[in-house]
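Peer 1: Those letters in the sequence shown? Residues -16 to 125, per this note's numbering, in order.
The structure is given below, and queries will be raised subsequently.
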Amino acid sequence: MSFVDPTGEIALSASGAVLGAILDISIQSALNGGRIECVKLESVSIAAAAGALNPFALGRAMVTVNKANRQLQRAYALRAGSRAVKRTEFRSDKNRAAAIKELGSWAVIELGAEGLGNLIPNDKHVRIGNIFGNSSLQCECR
-16 MSFVDPTGEI ALSASGAVLG AILDISIQSA LNGGRIECVK LESVSIAAAA
34 GALNPFALGR AMVTVNKANR QLQRAYALRA GSRAVKRTEF RSDKNRAAAI
84 KELGSWAVIE LGAEGLGNLI PNDKHVRIGN IFGNSSLQCE CR
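Below is the structure:
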């Protein structure tokens, strides 16, 4: 008997976890001057878990923005001043507002994960430089 994921939720969660981890590594690298050996692995794992729980809020936001743009283009193609133009522009605005909410929820979850990882005291962090044990990879990071 083989396991099948008919809804694709496991793949979406795995993709979200990878995206969350990559985003967190990028943020940490930018904040510590590009020193990959100083990346806090706890923070990466928390961001990966957050990405798995909320896998594609960012993707949904982008889809909604594209839908709003298509509706706005449709409104421009209609006769100026008609009720259809106003209705279509209203739908476009409504979709843009929904996209902003989705993007906001995604950003709050990912930045919250980053903040959670930073609550761990610096001397308790496991960093990439510590795992490899190479003294050249050890760092005194903030």
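Ideal Cβ placement from N, Cα and C applies to all residues, glycine included.
Do alanine 44 and alanine 82 have their CB atoms nearer than 8 Å?
Peer 2: Cβ atoms of alanine 44 and alanine 82: closer than 8 Å.
Peer 1: Throw me the rounded Cβ distance for the glutamate 93 and leucine -5 pair, which I believe falls under 8 Å.
Peer 2: Not quite, the Cβ-Cβ distance comes to about 16 Å (not below 8 Å), so this is no contact.
Peer 1: Just to confirm, is the Cβ distance from alanine 58 to valine 68 under 8 Å?
Peer 2: Taking 8 Å as the Cβ cut-off, alanine 58 and valine 68 qualify as a contacting pair.
Peer 1: Just mark glutamine 11 as buried or exposed, buried being the case when its beta carbon has 16 or more other beta carbons within 10 Å.
Peer 2: The residue in question, glutamine 11, is buried, as its Cβ has 16 or more Cβ neighbours within 10 Å.
Peer 1: With DSSP collapsed to three states, give me the class of arginine 110.
Peer 2: The answer is strand: DSSP assigns arginine 110 an E or B state.
Peer 1: Can you have a look at serine 26 and say buried or exposed, based on whether 16 or more other CB atoms are within 10 angstroms of its CB?
Peer 2: By the 10 Å Cβ count, serine 26 comes out buried.
Peer 1: Taking leucine 24 and valine 109 to be in contact with their CB atoms under 8 Å, please state how far apart those CB atoms are, rounded to whole angstroms.
Peer 2: Indeed they touch by this definition, with Cβ atoms about 5 Å apart.
Peer 1: Per DSSP, lysine 23 is paired with what?
Peer 2: BP columns for lysine 23 point to Arg110.
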